[in-house]
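Q: Protein sequence lines correspond, in order, to chains A and B.
Residues 0 to 519 (numbering that gives the first Met the number 0) make up the first sequence, in order.
Residues 0 to 519 (numbering that gives the first Met the number 0) make up the second sequence, in order.
Take a look at the following structure, please.
Protein chains: 2
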Amino acid sequence: MNYSNLDKAKAYKALLASEKISLKKILSADRIKNSNVKVGGGLTYNYAAMPVDDKIISTLQSLADEQEVLDKYKALLSGEVMNTGEKRLVLHQLTRGNCLGAKVEADGEDKDEFYKSQLERIRVFAQKVRNGEIKGSTGKAFDTVCQIGIGGSDLGPRALYLALTGYCSGKGTKQLKAEFISNVDPDDAAAVIDRLNAETTLFVLVSKSGTTLETLTNQELVTKSLKGVDPAKHLVAVTSKTSPLAGSSSVLDSFYIDDYIGGRYSSTSAVGGVILSLALGFDTFKELLDGAHEADMLALEKDIRKNPSLLDASIGLYLRNILGYPATAILPYSQALSRFPAHLQQLDMESNGKHVNRFGEKVDYVTGPIIFGEPGTNGQHSFYQLLHQGTDIVPLQFIGFKENQRGKDIVIEGSTSQTKLNANLSAQIVAFALGKSDENPNKEFDGERCSSLLSADQLTPKALGALLAHYENKVMFQGLLWNLNSFDQEGVQLGKILAKKVLKGCEGDEVLKAYADILI
Amino acid sequence: MNYSNLDKAKAYKALLASEKISLKKILSADRIKNSNVKVGGGLTYNYAAMPVDDKIISTLQSLADEQEVLDKYKALLSGEVMNTGEKRLVLHQLTRGNCLGAKVEADGEDKDEFYKSQLERIRVFAQKVRNGEIKGSTGKAFDTVCQIGIGGSDLGPRALYLALTGYCSGKGTKQLKAEFISNVDPDDAAAVIDRLNAETTLFVLVSKSGTTLETLTNQELVTKSLKGVDPAKHLVAVTSKTSPLAGSSSVLDSFYIDDYIGGRYSSTSAVGGVILSLALGFDTFKELLDGAHEADMLALEKDIRKNPSLLDASIGLYLRNILGYPATAILPYSQALSRFPAHLQQLDMESNGKHVNRFGEKVDYVTGPIIFGEPGTNGQHSFYQLLHQGTDIVPLQFIGFKENQRGKDIVIEGSTSQTKLNANLSAQIVAFALGKSDENPNKEFDGERCSSLLSADQLTPKALGALLAHYENKVMFQGLLWNLNSFDQEGVQLGKILAKKVLKGCEGDEVLKAYADILI
Numbered sequence: 000m001n002y003s004n005l006d007k008a009k010a011y012k013a014l015l016a017s018e019k020i021s022l023k024k025i026l027s028a029d030r031i032k033n034s035n036v037k038v039g040g041g042l043t044y045n046y047a048a049m050p051v052d053d054k055i056i057s058t059l060q061s062l063a064d065e066q067e068v069l070d071k072y073k074a075l076l077s078g079e080v081m082n083t084g085e086k087r088l089v090l091h092q093l094t095r096g097n098c099l100g101a102k103v104e105a106d107g108e109d110k111d112e113f114y115k116s117q118l119e120r121i122r123v124f125a126q127k128v129r130n131g132e133i134k135g136s137t138g139k140a141f142d143t144v145c146q147i148g149i150g151g152s153d154l155g156p157r158a159l160y161l162a163l164t165g166y167c168s169g170k171g172t173k174q175l176k177a178e179f180i181s182n183v184d185p186d187d188a189a190a191v192i193d194r195l196n197a198e199t200t201l202f203v204l205v206s207k208s209g210t211t212l213e214t215l216t217n218q219e220l221v222t223k224s225l226k227g228v229d230p231a232k233h234l235v236a237v238t239s240k241t242s243p244l245a246g247s248s249s250v251l252d253s254f255y256i257d258d259y260i261g262g263r264y265s266s267t268s269a270v271g272g273v274i275l276s277l278a279l280g281f282d283t284f285k286e287l288l289d290g291a292h293e294a295d296m297l298a299l300e301k302d303i304r305k306n307p308s309l310l311d312a313s314i315g316l317y318l319r320n321i322l323g324y325p326a327t328a329i330l331p332y333s334q335a336l337s338r339f340p341a342h343l344q345q346l347d348m349e350s351n352g353k354h355v356n357r358f359g360e361k362v363d364y365v366t367g368p369i370i371f372g373e374p375g376t377n378g379q380h381s382f383y384q385l386l387h388q389g390t391d392i393v394p395l396q397f398i399g400f401k402e403n404q405r406g407k408d409i410v411i412e413g414s415t416s417q418t419k420l421n422a423n424l425s426a427q428i429v430a431f432a433l434g435k436s437d438e439n440p441n442k443e444f445d446g447e448r449c450s451s452l453l454s455a456d457q458l459t460p461k462a463l464g465a466l467l468a469h470y471e472n473k474v475m476f477q478g479l480l481w482n483l484n485s486f487d488q489e490g491v492q493l494g495k496i497l498a499k500k501v502l503k504g505c506e507g508d509e510v511l512k513a514y515a516d517i518l519i
Numbered sequence: 000m001n002y003s004n005l006d007k008a009k010a011y012k013a014l015l016a017s018e019k020i021s022l023k024k025i026l027s028a029d030r031i032k033n034s035n036v037k038v039g040g041g042l043t044y045n046y047a048a049m050p051v052d053d054k055i056i057s058t059l060q061s062l063a064d065e066q067e068v069l070d071k072y073k074a075l076l077s078g079e080v081m082n083t084g085e086k087r088l089v090l091h092q093l094t095r096g097n098c099l100g101a102k103v104e105a106d107g108e109d110k111d112e113f114y115k116s117q118l119e120r121i122r123v124f125a126q127k128v129r130n131g132e133i134k135g136s137t138g139k140a141f142d143t144v145c146q147i148g149i150g151g152s153d154l155g156p157r158a159l160y161l162a163l164t165g166y167c168s169g170k171g172t173k174q175l176k177a178e179f180i181s182n183v184d185p186d187d188a189a190a191v192i193d194r195l196n197a198e199t200t201l202f203v204l205v206s207k208s209g210t211t212l213e214t215l216t217n218q219e220l221v222t223k224s225l226k227g228v229d230p231a232k233h234l235v236a237v238t239s240k241t242s243p244l245a246g247s248s249s250v251l252d253s254f255y256i257d258d259y260i261g262g263r264y265s266s267t268s269a270v271g272g273v274i275l276s277l278a279l280g281f282d283t284f285k286e287l288l289d290g291a292h293e294a295d296m297l298a299l300e301k302d303i304r305k306n307p308s309l310l311d312a313s314i315g316l317y318l319r320n321i322l323g324y325p326a327t328a329i330l331p332y333s334q335a336l337s338r339f340p341a342h343l344q345q346l347d348m349e350s351n352g353k354h355v356n357r358f359g360e361k362v363d364y365v366t367g368p369i370i371f372g373e374p375g376t377n378g379q380h381s382f383y384q385l386l387h388q389g390t391d392i393v394p395l396q397f398i399g400f401k402e403n404q405r406g407k408d409i410v411i412e413g414s415t416s417q418t419k420l421n422a423n424l425s426a427q428i429v430a431f432a433l434g435k436s437d438e439n440p441n442k443e444f445d446g447e448r449c450s451s452l453l454s455a456d457q458l459t460p461k462a463l464g465a466l467l468a469h470y471e472n473k474v475m476f477q478g479l480l481w482n483l484n485s486f487d488q489e490g491v492q493l494g495k496i497l498a499k500k501v502l503k504g505c506e507g508d509e510v511l512k513a514y515a516d517i518l519i
């Protein structure tokens, strides 16, 4: 396969030479109606307000073809070593519980079977906890689950739980309350533990290696907090088979992941599966997986106009490398997605915030953008000022839903709150794209501020799964277009090494010591 | 006074011609020790890892002098019409309850006395609610307060409450639980109302005009949720004196703000004061005000090396306009500050995300940067990858504290979690600045990634007040250096107008209708 840098591609040079598109000239009702791509799970991606015309999209198709991104995606699915830095397979799509390609053998086992078997164990375990068959050590049923994990073991599962708890309330699904401790800051743990009842809380300790200092701290924390109960009956582990936690007598049960699931891609593995199945039921989690699988399937489509994650990735690359925009804002019009931008921030920035290609050679073009965002409900009364009238252009990704989750709404002056919410969302897209002239420059809006829209009837588990996988696949495709390894994270290592040095007294490093003296 | 654009200033031209500084060359233990400025409230600003030497700082001093920013700050304090767009005074510093300059007369009253009188009314009211003198309509004491407000009425007060609830727990201060509904999304309101007990909840409805559609919706929501109690006994208003809510029989009491307090600057007015005093006690709120006042006083210092908000503002301008960095990340190593970056995002981006100067003329230089951030505890396992090894440089602002708030910590392998947290923070600053060479480019860190550090012994109410005011004053000084009006927000208007149009059926606007058809 041809792994070459973006700036070697002919189509890239054609893009650099392409005529820039004015949204004011092209945005029309017809264009909006004709710019929809199905994402899976009932979600639709609309790119009408993106500054790309048919010609540019065709060139983006050529670029994807030249970079052979579809073949590379298939290679990934069939178990090639795509994480070249760490020499690992990349198998998170397999954790949806639906095989997408050839059978993958590794570590002496069929990986599809491995993930499926873990899924089945999660199903059985969650059912037993939820129906009271498995109880705490004092005989009380569990009513709370508390995940202890950091980075990807925290952001993704937390974002997904918050996204679906309202949906489950609306449906009347039985719920266990979920809490999350992301640790290191002792106040975070103390605050959560303060509001837990030890007798009715089941902890989920997530640690791949089971040997890190943070994990020891976590275990100790849990043990200390569980007064009057047997900790081993209140703790399950999500870990690798070779970890000391695996099958240890200090835990009630262990669920397994492996080295082929990066933290930021682990939400659909046991890392997200255990807590979501316990809190919201296995059926809810399974629907999420099905939605993710639908998005994974659509990502196999060669035609960029029918492949939403490839199209989104390619337009994003155009905005970044051709138009030079340094950031992208994620703006969900849904309070349920309040932590989803933080998850995408990790997913995208940790995957593609790289200055070397997959062979470790420096690249001569910009890669991953800054990702940030907040629910639009509040944001439009806040930082949208800069987005509308600031001196830089920030591409926007809106997310919206026709219906609310909880089924509780009120009509005031002829419209529901949900309708008002979506009237605002529609209005913002148009305001950003088309602007408004005014004789007072302070009230003038230049427009030409591009956005896309991901929408569905409702934020269901299936829609959420598709949304999650859409972004995972978008990030993967962008990494392939840029010729990066999107699956390692060497950039987080140096800080860890230096932190250890500080804890050992700085070892004569005067600069480090001067900062430590301020803080410790 | 001389209100002229940045690019007219001699010092600006000198900055453009200045030699760029290498952090690897200048960062030393001595520099770290000699780069501290007191911020107030026990906070210190350290700029050792910023790419500025004595010469550049002197030029930044000249720029501040040329732009007469100190005189303009004094003019603001003495009641000049600094919000030129809306022709309003800008008086949020007066809401700290400590007069800083000349007496300000407006609307036929002494404004200092006005804010002080509201503060006194808040003190008395909060005391009566907290000691049970004022009860709900069924005779039960209030144990929960719920703020209903949007934008600045939500982000700032919410961030401050979250920042101090752990501190109050650590001190054993009596607390009422605080909840926040930011509205429009019906699921947000439904989720909060679901967990409230009507009999023991006091609502705080924040709306300056008291006449907007959102306010009507809010009132209706509260009334509907308060089954079995008298709504008028469970609702107070924070509003303007001329609003229909003021002194209405539909509310238990009203606390007043006025047009001179912008939403994003309102945290120290009744908008933040009522809920914080009810939830955490008036004394806690008063300490926060005292910390803010200390920062306001330090902002009066002419010497940039002793004026932390002016220095921070000027260095920020250097990073933005001279070095061309488009964004700044806010990275608190404190879970208590989890929503503080979202507040700063509004404060900064809504204030200085402008393309016209204070006279409404387009400017030829970039203004406010993108502001984003998450607690570093999780962030360093997440998006720090891009910050370390991405192709763009993002300036960083770290925030850290020696001690935790809740007094609950554990020692593992010889160190507390708080020490580990701060070892990580120290390590990150050095890793970003100095990097590390490696024969494997994937493990190489270029360094030269600048950061500053705001630190204190503990996140106390006083330190938090100083932190809040530091950023308010930083934003004000940057606006003055850029010759902007940082106090209006015309950029949020167009969306509102178009949203109304959608609710009226789009009035023949086909583009708007095509988007509304997707979403409604």
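Note that beta-carbon positions come from the ideal geometry of N, C-alpha and C, so glycine has one too.
1) Quick one: give me the first and last residue of the beta strand (DSSP E) that leucine 201 of chain B is part of.
2) Where does arginine 319 of chain B fall in DSSP's three states?
3) If you draw a straight line from the C-alpha of glycine 315 of chain A to the C-alpha of leucine 75 of chain A, how long is it?
4) In whole angstroms, what is the alpha-carbon distance linking lysine 207 of chain B and glutamate 412 of chain A?
5) Does the Cβ of threonine 211 of chain A have 16 or more other Cβ atoms within 10 Å, making it buried, or fewer, making it exposed?
6) Residues in the stretch 192 to 213 of chain B with C-beta within 9 Å of chain A's C-beta atoms, listed in sequence order?
7) Here's the rule: buried if 16 or more other CB atoms are within 10 angstroms of the residue's CB, otherwise exposed. What is isoleucine 496 of chain A?
8) Between the stretch 380 to 392 of chain B and chain A, which residues of the former have a C-beta closer than 8 Å to a C-beta of the latter?
9) Take threonine 459 of chain A as the anchor and find which of A:Leu287, A:Ile409, A:Leu511 and A:Thr214 has the nearest alpha-carbon.
10) Does valine 491 of chain A have its Cβ less than 8 Å from a Cβ in chain B?
11) Using a Cβ-Cβ distance under 8 Å, would alanine 101 of chain B count as near chain A?
12) Check the DSSP bridge columns for lysine 134 of chain B and list the partner residues they point to.
13) Rounded to whole angstroms, what's the CA-CA distance from serine 337 of chain A to glycine 378 of chain A? Just pull it up for me.
14) Just reading off the beta strand (DSSP E) that glycine 39 of chain B is part of, what are its end residues?
15) Please return the same chain residues whose Cβ sits closer than 8 Å to the Cβ of leucine 220 of chain A, not counting the five positions on each side in sequence.
16) How big is the Cα-Cα spacing for arginine 129 of chain B and isoleucine 121 of chain B?
17) Rounded to whole angstroms, what's the CA-CA distance from glycine 171 of chain B to aspartate 142 of chain B? Just pull it up for me.
18) Just confirm the distance between the C-beta atoms of leucine 90 of chain A and lysine 110 of chain A, as a whole number of angstroms; I'd bet it's less than 8 Å.
19) Excluding the five sequence neighbours on either side, which residues of its own chain have a C-beta within less than 7 Å of the C-beta of tyrosine 470 of chain B, listed in chain order?
20) Quick check on isoleucine 409 of chain B: does DSSP put it in helix, strand or coil?
21) So the candidates are A:Ser27, A:Gln457 and A:Leu424; which of them puts its Cα closest to the Cα of glutamine 404 of chain A?
22) Is the stretch 361 to 374 of chain A touching the stretch 299 to 310 of chain A in the sense that three or more CB pairs, one from each, lie closer than 8 Å?
23) Measure the alpha-carbon distance for histidine 144 of chain B versus alanine 335 of chain B and round it to whole angstroms.
24) With a threshold of 8 Å between beta-carbons, can methionine 81 of chain A be considered close to chain B, or not?
25) Pick helix, strand or coil for cysteine 98 of chain B, following the three-state DSSP scheme.
26) Could you pull the start and end residues of the alpha helix (DSSP H) that threonine 283 of chain B belongs to?
27) To the nearest angstrom, how far is the alpha carbon of threonine 415 of chain A from that of alanine 515 of chain B?
28) Would you decide whether methionine 0 of chain B is buried or exposed? Buried here means 16 or more other CB atoms lie within 10 Å of its CB.
29) Excluding the 5 residues preceding and the 5 following lysine 401 of chain B in the sequence, name in chain order all residues of the same chain whose CB lies nearer than 8 Å to its CB.
30) Just checking cysteine 98 of chain A against the ligand GTP - is the residue's beta carbon closer than 7 Å to any of the ligand's heavy atoms?
31) Compute the Euclidean distance between the alpha carbons of valine 491 of chain B and serine 61 of chain A, then round it to the nearest angstrom.
32) Look at the alpha carbon of phenylalanine 124 of chain A and the alpha carbon of serine 268 of chain A, and state the distance between them as a whole number of angstroms.
33) By alpha-carbon positions, which one of B:Gly165, B:Glu178 and B:Gln174 ends up nearest to serine 152 of chain B?
34) Taking the C-alpha atoms as reference points, what is the distance between isoleucine 256 of chain A and valine 205 of chain A?
A: So, from the listed chains and residues:
1) 200 to 205
2) helix
3) The straight-line gap from Cα to Cα measures roughly 22 Å.
4) 20 Å
5) Threonine 211 of chain A should be labelled exposed.
6) Ile192, Asp193, Leu212 and Glu213
7) exposed
8) Of all residues in the stretch 380 to 392 of chain B, only His380, Ser381, Phe382, Tyr383, Gln384, Leu385, Leu386, His387, Gln388, Gly389, Thr390 and Asp391 place a beta-carbon less than 8 Å from a beta-carbon of chain A.
9) Per the Cα distances, A:Leu287.
10) yes
11) no
12) In the DSSP output, where bridge partners are listed per residue, lysine 134 of chain B has B:Ala140.
13) 11 Å
14) 35 to 39
15) Ile147, Ile180, Asn182, Ala188 and Ile192
16) 12 Å
17) 16 Å
18) So it is a contact: roughly 6 Å between Cβ atoms.
19) Leu343 and Leu346
20) coil
21) Cα-wise, what sits closest to glutamine 404 of chain A is A:Gln457.
22) no
23) Here residue 144 of chain B is valine; the residue named in the question, histidine, does not match the sequence. Approximately 19 Å, taken between the alpha carbons.
24) no
25) coil
26) 281 to 297
27) Their backbone Cα atoms lie some 14 Å apart in a straight line.
28) It counts as exposed.
29) Gln417, Asn421, Ser454, Ala455, Asp456 and Gln457
30) The ligand content of the structure shown is nil, which means the ligand GTP is not present either.
31) 39 Å
32) 15 Å
33) Restricting attention to B:Gly165, B:Glu178 and B:Gln174, the CA atom closest to the CA of serine 152 of chain B is found in B:Glu178.
34) 10 Å
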